[in-house]
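For the record, in the sequence shown the residue sitting at position 222 is 1140 according to this note's numbering, with numbers rising by one throughout.
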Amino acid sequence: MFTLAHLSDPHLAPLPTPRWSELLGKRITGYINWQRRRRFIHDPAVLNAIVTDLQAQGADHVAVTGDLANIALPQEFIRGRDWLQHLGSNKDVTFVPGNHDVYVPEGALYATRQWEAYMCDDAGVGGFPFVRRRGPVALIGLSTAVATAPFLATGWLGAKQLAELAVVLTTLRNEHIFRVVLIHHPPVSKEARHKRLLDAAIFLRVIGQHGAELILHGHDHLHMINWLDCKNGMRVPVVGVPSASAKPGTKEAAAYNLYRIDGVPGAWNCELISRGISPEGEVKLQKRYMLVG
Ligand SMILES: [Fe+2]
Ligand SMILES: [Fe+2]
């Protein structure tokens, strides 16, 4: 039995006080959005409660699918590194970036500098896709994080990453390992186009062709589950979680998922356990069911 925990979109709060010069460009719109709306959603006490509960569950590994930062200020990356280190060692925690981590182009550089130990392969080599093997599981880390114009929250994988993903999925299928794809933007979403993964159709074709056992995402800040049909008849669950810092009473209160994976290649079992924050501020079991098997 291997237990994988998944949380997403911590949006670490409070936002550090920016210098005026740091608000030039896209950051100004994000700063106004934070002051008007987002600071009333993302609560450090809620995030602490989620992390404390998660750490008590004895997971073998934790996956975090992006949006640690808010407007990609340099201080947010140092704080993000400290938060990741508190969550666990870089051997036990895997991170992929979200659009808020690359809110401005230099965010990609800051993320690499501060967080690369959590987003690299088993040899410590960064870049996407990366692969980490843990017991019966392979974690495949993708990046959809690209700097965009103001008011856009789109994602983009690009032809090179998608081509490499196809090769990785084929190699790992031949190893008969449980393939978990980590991606910030959902490949299937009801959100407006300006928030979506723009090359989702190609990603879905790659998965349809080469398969995967599980796809985990964040970004929409909602509990989501979709099923993808593959060429060989297999169906791939695509599961999203709410923001791990969202207060009760907002769009969807903070939660995280645990996956208990066992079985053998070709006959995997995977149980999904959702735990989330109640209106009283306690983290409790919300749902438990067999996803596969
Ligand atoms: Fe987010
Ligand atoms: Fe996002």
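Note that the Cβ used here is the ideal one computed from N, Cα and C, for glycine as well. Note that this is a predicted model, so its numbers are computed, not measured.
Query                                                                                                                                                            : Result
Count the other CB atoms, across all protein chains shown, that sit within 10 Å of the CB of S1219; report buried if there are 16 or more and exposed otherwise. : The question about residue 1219 has no answer, for the chain in this structure spans 919 to 1211.
Counting pairs of Cβ atoms below 8 angstroms between the region 1105-1122 and the region 1085-1095, do you hit three or more?                                    : no
Among all the DSSP beta bridges, which residues are the ones paired with D872?                                                                                   : Given a span of 919 to 1211 for the chain in the structure shown, any question on residue 872 remains unanswerable.
Pull up the DSSP beta-bridge partners for R913, would you.                                                                                                       : Outside the shown range of the chain, which is 919 to 1211, sits residue 913, and nothing can be said about it.
Out of E1109, E1024, A1084 and L1190, which has the shortest C-alpha to C-alpha gap to I1213?                                                                    : Nothing about residue 1213 can be reported from this structure: the residues present for the chain run from 919 to 1211 only.
Whose CA, out of P1104, L1134, L1116 and A1063, lies closest to the CA of V1098?                                                                                 : L1134
For V1156 and Q953, what's the separation of their Cα atoms in angstroms?                                                                                        : 33 angstroms
Do you know whose CA, among D978, A1171 and L1002, lies nearest A1035's CA?                                                                                      : L1002
Which residues does DSSP pair with W1145 in a beta bridge?                                                                                                       : P1155
By a C-beta neighbour count over all protein chains shown, 10 Å radius and 16 as the cutoff for buried, is G1167 buried or exposed?                              : exposed
Please state the DSSP three-state secondary structure of V1086.                                                                                                  : helix
Rank A1081, V1201, S1107 and R1052 by C-alpha distance to the C-alpha of H979 and give the top, closest one.                                                     : R1052
Considering only heavy atoms of ligand 1, does any lie closer than 7 angstroms to the CB of D961?                                                                : no
May I have all residues whose beta carbon comes closer than 5 angstroms to any heavy atom of ligand 1, sorted in chain order?                                    : D927 and D985
So is D885 buried or exposed if we call it buried at 16+ other beta carbons inside 10 Å?                                                                         : Because the chain in this structure spans residues 919 to 1211, residue 885 falls outside the shown range and cannot be described.
Quick check on DSSP: helix, strand or coil for A1215?                                                                                                            : What is shown of the chain runs 919 to 1211, which leaves residue 1215 out entirely.
L1060 and Q1032: beta carbons closer than 8 angstroms?                                                                                                           : no
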